[in-house]
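S.K.:
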Amino acid sequence: MRKWKSAMFEPEDVKQRILVLAALDLILCSVKWQRVHRYEPYWTDSASLGIIDNGAGDDLYIIFASEGILIKGFDHLSLLSPHAGEEYGVWPGMYDEVPASLVAYLDTDTFEKENVTFCLWREKYDAEWRTGEVENPEGLDDGSDFLLGRLGYTAEDYVEWARSYYDKSLQLQVVRQVYNGVVINEEIITVLNPGRDATAALAELDELGIRVCRR
68 MRKWKSAMFE PEDVKQRILV LAALDLILCS VKWQRVHRYE PYWTDSASLG IIDNGAGDDL
128 YIIFASEGIL IKGFDHLSLL SPHAGEEYGV WPGMYDEVPA SLVAYLDTDT FEKENVTFCL
188 WREKYDAEWR TGEVENPEGL DDGSDFLLGR LGYTAEDYVE WARSYYDKSL QLQVVRQVYN
248 GVVINEEIIT VLNPGRDATA ALAELDELGI RVCRR
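Residue numbering for the sequence shown follows our numbering, beginning at 68 and increasing consecutively.
#1: With a CB to CB cut of under 8 Å and the five nearest residues on each side skipped, what residues in its chain are close to N252?
#2: Looking at V183: is its Cβ nearer than 9 Å to the Cβ of P149?
#3: Under 8 Å by Cβ, that's how I've got L214 and L127 pegged, so tell me the actual separation to the nearest angstrom.
#4: Do D142 and S236 have their beta-carbon atoms positioned less than 9 Å apart in this structure?
#5: If you run the structure through DSSP and keep just helix, strand and coil, what is T175?
#6: Look up Q114 in the DSSP assignment and say whether it is helix, strand or coil.
#7: Ignore the nearest five residues each way along the sequence and tell me which others in G135's own chain have a CB closer than 8 Å to its CB.
#8: Taking the alpha-carbon of E271 as reference, which of Q83, L91 and F76 has the nearest alpha-carbon?
#9: May I ask you to report which of helix, strand or coil DSSP gives K191?
#10: Counting along the chain, where does the alpha helix (DSSP H) carrying R243 start and finish?
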């Protein structure tokens, strides 16, 4: 078992960041499966799930459980992909040392457990992010900088990305307010996406645990 190779946010920060991204995507897109950033607060009885899926074959699943947090990432272009070798299979060492209490969450129909190019975790009382003894002497790119980089998006980054992905020009000041945890109301939704059903969006945001005002 090793410490994770680069700087990483604290678990609560990870959760807050995926929530902000999911909230903004929810406002911009009414169709859930078309959103890149999603959050499922009641994924299981004991865990919630953050999702980043760019629709191009790359994804990040973040499991927030009572036992800790587990992140599984998959970059389909990485040579660590199970599809990249002559024989199909998860890269050696990828899951070998994941705590049993966390790896059990990967046995699900929600995603393909084998589609993984990096994995990291942090148990409830641990102060460090961990990863397995992955055999990668050539330092092949596992896609973690690319996918985990989404969690570091600033309001400015999101505005630029949304302009390209959703073809929408957003008011930076309003996006900053969402990043800063403002109570979201109908006015904010209408400013960001005039065509969005604000009542439906507020109901969804409330389900995610986002603070809303429906008056």
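Every residue, glycine too, gets a C-beta built ideally from N, C-alpha and C.
Note that this is a predicted model, so its numbers are computed, not measured.
M.R.: Reading from the atomic positions:
#1: L269, V279, C280, R281 and R282
#2: yes
#3: 5 Å
#4: no
#5: coil
#6: In the sequence as displayed, the identity of residue 114 is Ala instead of Gln. If DSSP states are grouped into helix, strand and coil, A114 belongs with the strands.
#7: Cβ contact annotation for G135 (same chain, cutoff 8 Å, sequence separation greater than five): P78, P166, S168, L169, W188, R189, E190, K191 and D193, in chain order.
#8: Shortest Cα-Cα distance from E271 to any of Q83, L91 and F76 involves L91.
#9: coil
#10: L239 to Y246
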